[in-house]
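Per my numbering: the sequence shown = residues 49 to 402.
Built from N, CA and C at the ideal position, the CB exists for glycine as well.
Everything numeric in this text was worked out from a predicted model, so none of it was measured.
Take a look at the structure set out below.
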Amino acid sequence: MGVLVLFDLNPKENVHDLYDRKAELESLSSSLKNGERLIIIYGLRRVGKTSLIHSFLNKREFPYILLDMKEIYHVSGSVPMKALYNTILKEFTKFAEKVGEDANIDIDDEFRLPDLLKEINEWCKSRKLIFIIALDEAQYLRYGGKVRYDGIIAWGVDNLSNITFILTGSEAGMLKEFLRYEDVEAPLYGRFRNEIYLKRFTKEERVAFLRQGFKEAGKNISNDELEDTIKNLDGISGWLTYYGYFRTIKNLEHKKAIEQVFKDGSELTLKEIETLIARSRKRYTYILRAIVEGFNTWSVIKTYVESKAGGVSDTVLNSLLQALLKLGIVEKEQDDRYVILDPIAIHAIKKLKP
Ligand SMILES: Nc1ncnc2c1ncn2[C@@H]1O[C@H](COP(=O)(O)OP(=O)(O)OP(=O)(O)O)[C@@H](O)[C@H]1O
Ligand SMILES: [Mg+2]
């Protein structure tokens, strides 16, 4: 039995443990070498954003701190500047100590983030370092209350020559709406940025990923099982990893492992969806059900939702559908049909109660 690497359920932390993503790693490296100051990584849930960023940062080509905005949000129900200030300060101090230096930051009683960033920038400049501030799940920065983090980031991108921001977000539309770099009125308008879209694995990649994981674990997977797995679980790395974990570590047979991915995965997804749609649960639920049942054009969704939940104006339905798109739960096809691509999410929605 080999060492568990590919089918480890935790986000990967090392490029050697990461399956492929070479182009994305290369793009990150070259952005930094070219002195680009803003990089954004988009990707659906469980496609491997955290793994990519962790693994890249762990190559230690550049000093960094990595913070999870979702974590700060969950602690406070918002992202207060004080919390962000303290977290960045703590992590930066830790980094400085690790390299045997003193962070030497004057603590500001008012927790002004730009001042802290300026000090970090100066510190790095005098040592000729490019420093990465990586913010995972950055769409949560929109919960800054009166604090405009998009403005602070834009200011940083303009003025801090030795800091590069890397942002990731599983709610691509939400992150874009927060950054608003196409809006002339917005602080980040027109700023140069490298946008990386992390895609789901192709068919070939799914097969190769599973084969490699089974090989590492010293186990076999038959061609039929392979076919069945990639057909059922699609190209989302997280679900393929779950499957591999149940097969190799938990020793489940193929059918049981698939069932278990649907069971555990849909429980997790159901909780996530419930949180995201809490504000208008009943209508969202019927919209999602309509789409899952194949009633997926705008007018058919409207008829379906109205038959279940009573009258809904065009404007309301539009804004609810837009929100689902921005959250990355629903996607819109070329022919204007709304679809849900994640098979586990489809399973979860069937269990969703209005
Ligand atoms: N390229 C990869 N190689 C190996 N394992 C991967 C890869 N991408 C993702 N995984 C595995 O898939 C799962 C999900 O990955 P990760 O947490 O990095 O995704 P994410 O996009 O950050 O998800 P979330 O939206 O939930 O934050 C983890 O178990 C991780 O180990
Ligand atoms: Mg993540």
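Give me the Cα-Cα distance between S124 and K138, rounded to the nearest whole angstrom. So the alpha carbons of these two residues sit roughly 18 angstroms apart.
**Request:** Could you check the C-alpha separation between D56 and Y293 for me, to the nearest Å?
**Result:** When rounded, the distance between both Cα atoms is 7 angstroms.
Using the three-state DSSP reduction, which class does Y67 fall into: helix, strand or coil? Here DSSP, grouped into helix, strand and coil, assigns Y67 to coil.
- Query: Can you list, in chain order, the residues of its chain whose CB lies under 7 angstroms from that of G204, leaving out five sequence neighbours each side?
  - Reply: In the same chain as G204, and ignoring 5 residues on each side of it, the C-beta atoms closer than 7 angstroms to its own belong to L165, I211 and F213, in chain order.
Check your understanding: With C-beta atoms as the reference, is R69 less than 7 angstroms away from L100?
Key -> In contact: R69 and L100 (Cβ atoms closer than 7 angstroms).
**Request:** Leaving out five residues on either side along the sequence, give the residues of the same chain with a beta carbon under 6 angstroms from the beta carbon of A151.
**Result:** Within the same chain, F140, T141 and A144 come within 6 angstroms of A151 by CB-CB distance, once the 5 residues on both sides are set aside.
Exercise for the section: Report the option in L223, Y237, N280 and Y229 whose CA atom is closest to the CA atom of K251. Expected result: Of the candidates L223, Y237, N280 and Y229, the one whose C-alpha sits nearest the C-alpha of K251 is N280.
* Please confirm whether V348 and I397 have their CB atoms less than 7 angstroms apart. => The Cβ atoms of V348 and I397 do not sit closer than 7 angstroms to each other.
Q | Limits of the unbroken alpha helix (DSSP H) element including Y112 | A | According to the DSSP assignment, Y112 belongs to no alpha helix (DSSP H) but to the beta strand (DSSP E) extending over Y112 to D116.
| task | Have a look at Y352 and R93 and give me their C-alpha separation to the nearest angstrom. | result | The alpha-carbon atoms of Y352 and R93 are separated by roughly 28 angstroms.
Check your understanding: Which term fits Q382, buried or exposed, when burial requires 16 or more other beta carbons within 10 angstroms of its beta carbon?
Key -> Q382 should be labelled exposed.
Practice item. Round the Cβ separation of M117 and Y188 to the nearest angstrom and send it over; I've been treating them as touching at under 8 angstroms. Key: For M117 against Y188, the beta-carbon gap comes to about 4 angstroms, under 8 angstroms, which counts as contact.
*How should A393 be labelled, buried or exposed, when 16 other C-beta atoms within 10 angstroms of its C-beta is the threshold for buried?*
Of the residues assessed, A393 falls on the buried side of the cut-off, its CB having 16 or more other CB atoms within 10 angstroms.
**Study point:** Proximal residues to E354 (C-beta, below 8 angstroms), its chain only, five neighbours per side dropped
**Key:** So the list reads V360, once near-sequence residues are dropped.
How close, in whole Å, do the beta carbons of Y245 and G91 come, if the pair is a contact with beta carbons under 8 angstroms?
-> Between Y245 and G91, the beta carbon gap of about 7 angstroms places them in contact (Cβ cut-off 8 angstroms).
Query - Among D272, T135, F179 and A186, nearest to L161 - alpha-carbon criterion - result: Selected option, being the one with the closest Cα: T135.
Relative to the C-alpha of V147, which residue among H122, R175, I155 and D154 is closest? Per the Cα distances, R175.
I need the boundaries of the beta strand (DSSP E) containing D184, first residue and last residue. Secondary structure note for D184: its beta strand (DSSP E) is the uninterrupted segment F179 to D184.
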